[in-house]
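Residue numbers (our numbering): 37 to 304.
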């Protein structure tokens, strides 16, 4: 699934939180969106997925495989997004229903689209068990509730839910921020495997280049709601970005350099 964003601006009241942003995620591509906290990253993916606050105002264009989303009624946007898009949140509590079992949470995408109709209880349990096993969780967790899982287990359950109906586009909003480094690596490896095996497009949001370097092929750098840099991960880490407005020795925007240096310091 190809996502094309052109001249996108997002306003909360009179304040522009994203300004004239253009970017593309090609079919099957893994793209990063990086910036400091409060830079507008989450607003961008929420705009793509139709999750912006009701009082937000959007200008510009967002197309999904050529179909325009901006300006469409919610019902028509829902059909375009429908089963084709999924989101993985920073906090799995935003994705998992706290009063539903892990089994019911994981099966929710299928249930919401009527795909469980007529299936026996045993077949539903088998579907949930396979989904949990695919993310490295013991099927015995199916009868538990989200609060009974560790943070890493809950995030893996959220990934299982997001991938349940084989989405063609996945937006991941800092999904490893709240976990330890060992769990972080497991989640990144899991997400990479899931995306590569499914052929889905991925937009991965983070503030950490060390995380992004493990999963994205190229990325966009955001600063105060504005696109300031873009390029492959290798080029941005080494100092040869596609922004030719900077000097020849290091073409990166100052924000890019700052984010890279921060990642290096944290790695020490």
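Cβ atoms here follow ideal geometry from the backbone N, Cα and C, with glycine treated the same way.
Going straight from the alpha carbon of residue 41 to that of residue 177, what length do you get?
Position 5 of the chain shown, counted from the first residue, corresponds to residue 41. Position 141 of the chain shown, counted from the first residue, corresponds to residue 177. Whole-angstrom Cα-Cα distance: 39 angstroms.
In the DSSP assignment, what residue or residues form a beta bridge with residue 207?
Here residue 207 refers to the residue found at position 171 of the chain shown. Residue 207 pairs with 123 and 239.
Could you tell me which residues DSSP puts in a beta bridge with residue 41?
What you label residue 41 is simply residue 5 of the chain shown in a count that begins at 1. BP columns for residue 41 point to 59 and 98.
Would the beta-carbon of residue 76 fall within 7 angstroms of that of residue 54?
As a first step, residue 76 is located in the chain shown; it is residue number 40 there, counting from the start. As a first step, residue 54 is located in the chain shown; it is residue number 18 there, counting from the start. Contact flag set, yes.
Could you tell me the distance, in whole angstroms, from the CA atom of residue 218 to the CA atom of residue 108?
Taking the chain shown and counting its residues from 1, one reaches residue 218 at position 182. Taking the chain shown and counting its residues from 1, one reaches residue 108 at position 72. Approximately 43 angstroms between the Cα atoms of the pair.
Contact between the segment 264-277 and the segment 77-90 (3+ Cβ pairs under 8 angstroms):
Too few Cβ pairs lie closer than 8 angstroms, so no.
Using CA coordinates, which residue listed in 296, 255, 287 and 187 is at the minimum distance from residue 132?
What you label residue 132 is simply residue 96 of the chain shown in a count that begins at 1. Nearest of 296, 255, 287 and 187 to residue 132, Cα basis: 187.
Residues that DSSP places opposite residue 318 in a beta bridge:
Since the first residue shown for the chain is 37 and the last is 304, residue 318 is missing from the structure and cannot be characterised.
Nearest neighbour of residue 180, chosen from 120, 139 and 46 [CA to CA]:
Along the chain shown, one-based indexing puts residue 180 at 144. Measuring from the Cα of residue 180, the nearest candidate turns out to be 139.
Counting along the chain, where does the beta strand (DSSP E) carrying residue 70 start and finish?
Residue numbering aside, residue 70 sits at position 34 when the chain shown is read from its first letter. 66-71 is the extent of the beta strand (DSSP E) around residue 70.
Say whether the segment 134-153 touches the segment 193-200, bearing in mind that this needs 3 or more beta-carbon pairs closer than 8 angstroms, one atom from each stretch.
yes
Whose C-beta lies closer than 6 angstroms to the C-beta of residue 206 among residues of the same chain, with five residues either side of it excluded?
As a position in the chain shown, residue 206 is number 170, starting the count at 1. Answer for residue 206: 122, 236 and 238, listed in chain order.
Assuming the contact rule is C-beta atoms closer than 8 angstroms, residue 101 and residue 37 should be a hit. Round their C-beta distance to whole Å, please.
The residue labelled residue 101 in the question sits at position 65 within the chain shown. The residue labelled residue 37 in the question sits at position 1 within the chain shown. Yes, they are in contact, since the Cβ atoms of residue 101 and residue 37 sit about 6 angstroms apart, within 8 angstroms.
Shortest alpha-carbon distance to residue 60 belongs to which of 255, 297, 244 and 213?
Within the chain shown, numbered from 1, the residue matching residue 60 stands at position 24. Nearest option by C-alpha distance: 255.
Return the residue from the list 191, 81, 226 and 204 that minimises the CA-CA distance to residue 211.
Reading the chain shown from its first residue, position 175 is the one you call residue 211. Of 191, 81, 226 and 204, the residue nearest in Cα terms is 191.
Can you check whether the CB of residue 252 is closer than 7 angstroms to the CB of residue 66?
The sequence position of residue 66 within the chain shown is 30, counting from 1. The sequence position of residue 252 within the chain shown is 216, counting from 1. Taking 7 angstroms as the Cβ cut-off, residue 66 and residue 252 qualify as a contacting pair.
DSSP three-state assignment for residue 266, whether helix, strand or coil:
Locating residue 266 in the chain shown gives position 230, counting from the first residue. Residue state, collapsed to three classes: strand.
Within 10 angstroms of the Cβ of residue 74, are there 16 or more other Cβ atoms? Answer buried if so, exposed if not.
For the purposes of this step, residue 74 is taken as residue 38 along the chain shown, with counting starting at 1. Label assigned to residue 74: exposed.
Is it buried or exposed for residue 44, if we count other Cβ within 10 angstroms and need 16 for buried?
In the chain shown, residue 44 corresponds to position 8, counting from 1. Looking at its Cβ environment, which holds 16 or more other Cβ atoms inside 10 Å, residue 44 is buried.
If you follow the alpha helix (DSSP H) that residue 110 is in, where does it begin and where does it stop?
Here residue 110 corresponds to residue number 74 of the chain shown, with the count starting at 1. Run containing residue 110: 110-117, per the alpha helix (DSSP H) assignment.
Exposed or buried, what is residue 259 when buried is set at 16 or more other beta-carbons lying within 10 Å of its beta-carbon?
On the chain shown, position 223 is the one that residue 259 refers to. It counts as buried.
In whole angstroms, give me the CA-to-CA distance for residue 51 and residue 127.
Taking the first residue of the chain shown as 1, we reach residue 51 at position 15. Taking the first residue of the chain shown as 1, we reach residue 127 at position 91. Approximately 26 angstroms, taken between the alpha carbons.
What whole-angstrom Cβ distance do residue 33 and residue 194 have, given they're in contact under 8 angstroms?
Only positions 37 to 304 of the chain appear in the structure, and residue 33 is not among them; the question remains open.
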